[in-house]
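Chemist: Protein chains in written order, with the numbering used here: chain A, 13 to 167; chain B, 13 to 167. For each residue, glycine too, the CB sits at the ideal point set by N, CA and C. Treat the numbers as computed from the prediction; the structure is a model and nothing was measured.
2 protein chains.
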Amino acid sequence: MVEIERKFLVKNEDFKAEFYQKNRITQGFLNTDPLRTVRIRIKDETAFLTVKGKNNEAGLSRFEWEKEIDKTEAEALLKLCEPGMIDKARFLVKSASHIFEVDEFYGENEGLIVAEVELASETENFEKPKWLGQEVTGDPKYYNSQLSKNPYKSW
Amino acid sequence: MVEIERKFLVKNEDFKAEFYQKNRITQGFLNTDPLRTVRIRIKDETAFLTVKGKNNEAGLSRFEWEKEIDKTEAEALLKLCEPGMIDKARFLVKSASHIFEVDEFYGENEGLIVAEVELASETENFEKPKWLGQEVTGDPKYYNSQLSKNPYKSW
Chain A
13 MVEIERKFLV KNEDFKAEFY QKNRITQGFL NTDPLRTVRI RIKDETAFLT
63 VKGKNNEAGL SRFEWEKEID KTEAEALLKL CEPGMIDKAR FLVKSASHIF
113 EVDEFYGENE GLIVAEVELA SETENFEKPK WLGQEVTGDP KYYNSQLSKN
163 PYKSW
Chain B
13 MVEIERKFLV KNEDFKAEFY QKNRITQGFL NTDPLRTVRI RIKDETAFLT
63 VKGKNNEAGL SRFEWEKEID KTEAEALLKL CEPGMIDKAR FLVKSASHIF
113 EVDEFYGENE GLIVAEVELA SETENFEKPK WLGQEVTGDP KYYNSQLSKN
163 PYKSW
């Protein structure tokens, strides 16, 4: 239940020539507190409730618990969420033995593109695609929960 | 998904001669905001995640969504909750055609006993047991989410 992820900015849209899956994601937060984030996500025709805890000291791993829920129920729960919905497309891109999740944001976060890679350990190496930019792992500003309150366009 | 409930204080412990079921409940909150309460509850050997919205204007009905979750997962989620766990016993008591849930609190809320009855409509009548005291429906002070932060013993 602890995830190790590293997050990066994305330099350009070259990843769009490489992705093998694309999903539309809308999500809101029942709590944006980084100590106990509660997220409602609709991903195409599926929906999830996800709870995340705080980052460990190195900022690389975070407690995460997720449960699939009914899409209609998720739509009702989204109405209860804090103001500031997140709307984005997620592209899955293979790079050697890893999969990058690349999120292109819309609405108030238009212009922001970030990529995440999940690792088996905090020291695991991975090949960096050419379009991968600056690392922003552990920077709360780039948490979706924070982007919902303080969106990219307002930076 | 909208519940209509009325809540009352309890005058004495006479209900303990009448109950047909008793459960121990421990619960914490991932959010205590009355607009979007998120509760983790362990009830004996079962566990639930519950989201509640705000009361309607009359204070009688409230959006409620509940999902059963794994008890071990609930224990992990409880560790993420805001400080202030709720510990109580719940007694189920039949009164004519209705069932009262009577909660006897322990710990920081020791001394508080409240009873709730669920109704089919806001105007439905019900028989009041003799041990039923003052109505406190819609008073946020008696929400478990608020009792976790501002417990009865501190009033």
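1. Where Ile63/B and Lys142/A are concerned, what is the direct C-alpha to C-alpha distance, given to the nearest angstrom?
2. Could you check which residue in Ile81/A, Asp82/A, Lys83/A and Gly65/A has the C-alpha nearest to that of Phe75/A?
3. Closer than 9 Å between beta carbons: that is the criterion. Which residues of the segment 83-105 of chain B meet it against chain A?
4. Less than 7 Å between CB atoms is the rule here; does Gly65/B satisfy it with respect to chain A?
5. Please tell me whether Arg48/A has its Cβ less than 7 Å away from any Cβ of chain B.
6. Whose CA, out of Leu104/B, Glu116/B, Lys23/B and Gly40/B, lies closest to the CA of Lys91/B?
7. Measure from the C-beta of Asn43/A to each C-beta in chain B and report whether the shortest distance is under 7 Å.
8. Since I believe Glu128/A is in contact with Glu113/A (beta carbons under 8 Å), could you give me their beta-carbon distance rounded to a whole number of angstroms?
9. Along the chain, where does the alpha helix (DSSP H) containing Ala127/A start, and where does it finish?
10. Using a beta-carbon distance cut-off of less than 9 Å, what residues from the segment 142-165 of chain B approach chain A?
11. Hey, Ile54/B and Thr38/B: beta-carbon distance below 7 Å or not?
12. Determine, using beta carbons only, whether Val50/A and Leu47/B come nearer to each other than 7 Å.
13. So Lys79/B contacts chain A; which residues on that side make the cut at Cβ distance below 7 Å?
Modeler: Reading off the structure:
1. Translated into the one-based positions of the second sequence, residue 63/B becomes position 51. Translated into the one-based positions of the first sequence, residue 142/A becomes position 130. The residue you asked about is not Ile; residue 63/B is Val in the sequence shown. Their backbone Cα atoms lie some 43 Å apart in a straight line.
2. Your numbering for residue 75/A matches position 63 in the first sequence. Ranking Ile81/A, Asp82/A, Lys83/A and Gly65/A by Cα distance to Phe75/A puts Gly65/A first.
3. Glu85, Ala88, Leu89, Lys91, Leu92, Cys93 and Glu94
4. Position 53 of the second sequence, counted from the first residue, corresponds to residue 65/B. Gly65/B counts as touching chain A.
5. As a first step, residue 48/A is located in the first sequence; it is residue number 36 there, counting from the start. True, the Cβ-Cβ gap to chain B drops below 7 Å.
6. Within the second sequence, residue 91/B is the residue found at index 79, counting from 1. Ranking Leu104/B, Glu116/B, Lys23/B and Gly40/B by Cα distance to Lys91/B puts Gly40/B first.
7. By one-based count along the first sequence, residue 43/A stands at place 31. Answer yes: the Cβ-Cβ gap between Asn43/A and chain B drops below 7 Å somewhere.
8. Reading the first sequence from its first residue, position 101 is the one you call residue 113/A. Reading the first sequence from its first residue, position 116 is the one you call residue 128/A. Right, the Cβ-Cβ distance comes to about 5 Å (below 8 Å), so this counts as a contact.
9. Your numbering for residue 127/A matches position 115 in the first sequence. Counting along the chain, Ala127/A falls outside any alpha helix (DSSP H), though it belongs to the beta strand (DSSP E) covering Ile125 to Leu131.
10. none
11. The residue you call residue 54/B lines up with position 42 of the second sequence. The residue you call residue 38/B lines up with position 26 of the second sequence. Yes, these two residues count as a Cβ contact at 7 Å.
12. By one-based count along the first sequence, residue 50/A stands at place 38. By one-based count along the second sequence, residue 47/B stands at place 35. Contact: no.
13. On the second sequence, residue 79/B is found 67 positions in, with the first residue counted as 1. In chain order: Lys79 and Ile81.
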